[in-house]
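A.B. asks: Numbering of the sequence shown is given in this note's numbering, commencing with residue 955 and proceeding in unit increments.
For every residue, glycine included, the Cβ atom is placed at its ideal position computed from N, Cα and C.
Remember, predicted model here, so these are calculated numbers, not experimental data.
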Amino acid sequence: RWLALLLARAGASRTAVRTVRMMASRPEISEHDKFFFDLNGFLVVRNVFTPEEVAAANAAIDAHSAQLRSREAAALRNAKDGTPMSAKGPRKDMGGMLWWEQPHCDVFRQVLVHPRLVPYYTALCGDGFRLDHQPLVIAQSSNSEGFALHGGPISGADGVPAGQFNPELQYRCVGGQMWTTLLAASVQLCDHAPGDGGFAIVRGSHKLNLPVPDDVANGLGGISEHLFQPTTKAGDVVLWSEATVHGATPWRAAHERRIALYRFAPANMGYGRGYLSHPPEGVASMTPAQRAVVEPPYAARLERPVLAHADGGAQPAVRPIRRATAKKEFDRQLFGTDYF
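(1) With a threshold of 6 Å on Cβ separation, who are the neighbours of Phe989 within its own chain once the five nearest residues in sequence on each side are excluded?
(2) Could you tell me if Ala978 is buried or exposed, where buried requires 16 or more neighbouring beta carbons within 10 angstroms of its beta carbon?
(3) Consult DSSP for Asp948 and reduce its assignment to one of helix, strand or coil.
(4) Let me make sure I understand the geometry here. Which of Arg1126, Ala1188, Lys1187 and Thr1186 has the alpha-carbon closest to that of Ser1159?
(5) Rounded to a whole number of angstroms, what is the C-alpha to C-alpha distance between Phe996 and Arg1217?
(6) In whole angstroms, give me the CA-to-CA distance for His1200 and Ile1155.
(7) By the 10 Å Cβ neighbour count, where 16 or more other Cβ atoms means buried, how is Pro1274 classified, buried or exposed?
(8) Beta-carbon within less than 7 Å of Gly1105's beta-carbon, same chain only, minus the 5 sequence neighbours each way: which residues are those?
(9) Report the rounded CA-to-CA distance for Thr1185 versus Pro1148, giving the unit in angstroms.
(10) Exposed or buried, Gln1244, counting other C-beta atoms within 10 Å across all chains shown (16 or more means buried)?
(11) On the DSSP letters alone, give me the boundaries of the alpha helix (DSSP H) that Asp1047 sits inside.
(12) Where does Ser1019 sit, in a helix, a strand or coil, going by DSSP?
(13) When the Cα atoms are used, what is the spatial distance from Glu1179 to Asp1035?
(14) Hey, out of Gln1142, Leu1103, Gly1226 and Pro1005, whose CA is closest to Ile1177's CA?
(15) Three-state secondary structure (DSSP) at Trp1054?
(16) What separation, rounded to the nearest whole angstrom, lies between the Cα atoms of Arg1023 and Arg1212?
(17) Have a look at Ala1138 and Ile1015 and give me their C-alpha separation to the nearest angstrom.
(18) Are His1232 and Val1248 closer than 8 Å when you measure CB to CB?
(19) Tell me which same chain residues have a C-beta within less than 7 Å of the C-beta of Gly1157, skipping the five on either side of it?
(20) Between which residues of its own chain and Leu1030 is the CB-CB distance below 8 Å, once the five residues before and five after are set aside?
(21) Per DSSP, what are the beta-bridge partners of Thr1134 in this structure?
(22) Using only the alpha-carbon positions, how far apart do Asp1169 and Gly1175 sit?
(23) With DSSP as the reference, label Ile983 as helix, strand or coil.
(24) In terms of residues, what are the limits of the alpha helix (DSSP H) holding Gly1236?
(25) Smallest Cα separation from Asp1086: which of Pro1250, Phe1294, Pro1259 and Asp1285?
(26) What are the residues that DSSP puts in a beta bridge with Tyr1216?
(27) In terms of residue numbering, what span does the alpha helix (DSSP H) encompassing Arg1245 cover?
(28) Whole angstroms are fine: how far does the CA of Pro1165 sit from the CA of Thr1037?
(29) Using alpha carbons as the reference points, say which of Lys1282, Phe1284, Thr1279 and Leu1261 lies closest to Pro1073.
(30) Cβ of His1058 within 8 Å of Cβ of Cys1144?
(31) Looking at the structure shown, is Gly1228 part of a helix, part of a strand, or coil, going by DSSP?
(32) Mark Gln1287 as exposed unless 16 or more other C-beta atoms lie within 10 angstroms of its C-beta, in which case mark it buried.
(33) Give every residue of the same chain whose Cβ lies closer than 8 Å to the Cβ of Lys1282, excluding the five residues on either side of it in the sequence, and list them in chain order.
(34) DSSP three-state call for Gly1266: helix, strand or coil?
(35) Who are the near neighbours of Asn1222 in its chain, counting only those whose CB is closer than 7 Å to its CB and skipping five residues on each side?
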């Protein structure tokens, strides 16, 4: 606030003053969380969702279980046969949770705007962060396959071309400000104990300068001693930069594994194309804050609705960033639209 006041007195532009005020009002995450995310490329945020909310999410999945799709076909498998990431059974996926009828959609929509999570989304993707990929539920029975290691700032065998800088998956920390092009958020809908399998990550790999060798991506080549699998409880949320190499080992526990997986991006970046097909009636039934998060990609300064921090764990409010009327009028004269 004091810096914004000084800038105003010094005759700084309204945009500069507004930018400083926006940064000052950003919800903060702890210095320890910043340090460990920068160090490792991921974090576990504990006890985000209550047991009642987890139960509601699982009940909603049960009610829509006919929509689960098995990745049985060879072209849909996520691990190479005979490797440490493979297993006999397939993974099952489900989408569309944001557009389910209420109350089944409620917990899944809350992931977009949860007061415990918004500070992390903002710290890592910036003001005006947006939902990128369409979220999905992953369900796995015992002895179902994992997922070969993927992601990373240098394209692997799935990149075009392989071994090159990958602009779509990057992480930077400049002057203490963290930024990632794509942030994953995995809501744990069951417990993950040591030895159960599931999510695995190569700590620090968001700063790689070399591509991941093919055998390493498949769980070979000595990578096992570098894989970390966090122990989590239902209601925890695992956050990681998609620039951090990650995958999954086969699920071995007796109970079904369930997670809800989301990806977020900075305001003006888009990886997925799902935002082009959001059902209008579904978007209309969201809260203003939820609608702000499913906006298509464009810069925050072009009157993007931005979530404002609310004290005491309250739901975030929407704080639009206003663009000068004269500039919009000039754009209308030039292009016939409010925005260039």
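C.D. replies: In terms of the structure at hand:
(1) none
(2) Model confidence at Ala978 stands at a pLDDT of 42, short of 50, so the residue's coordinates are unreliable and nothing is read from them.
(3) A query on residue 948 cannot be resolved here, the shown segment of the chain reaching from 955 to 1294 and no further.
(4) Arg1126
(5) 13 Å
(6) 4 Å
(7) exposed
(8) Leu1123, Glu1196, Ala1197, Thr1198, Val1199 and His1200
(9) 6 Å
(10) buried
(11) Asp1047 -> not in any alpha helix (DSSP H); beta strand (DSSP E) instead, spanning Lys1046 to Gly1049.
(12) helix
(13) 21 Å
(14) Leu1103
(15) coil
(16) 14 Å
(17) 21 Å
(18) yes
(19) With the sequence shown as reference, residue 1157 is identified as Arg, and Gly is not the correct amino acid for it. Once the five neighbours on either side are set aside, the close Cβ partners of Arg1157 are Asn994, Gly995 and Phe1182.
(20) Pro1044
(21) Tyr1125
(22) 6 Å
(23) coil
(24) Pro1234 to Ala1238
(25) Pro1250
(26) Ala1139
(27) Pro1242 to Val1247
(28) 19 Å
(29) Leu1261
(30) no
(31) helix
(32) exposed
(33) Asp1292 and Tyr1293
(34) helix
(35) Pro1251, Tyr1252 and Ala1253
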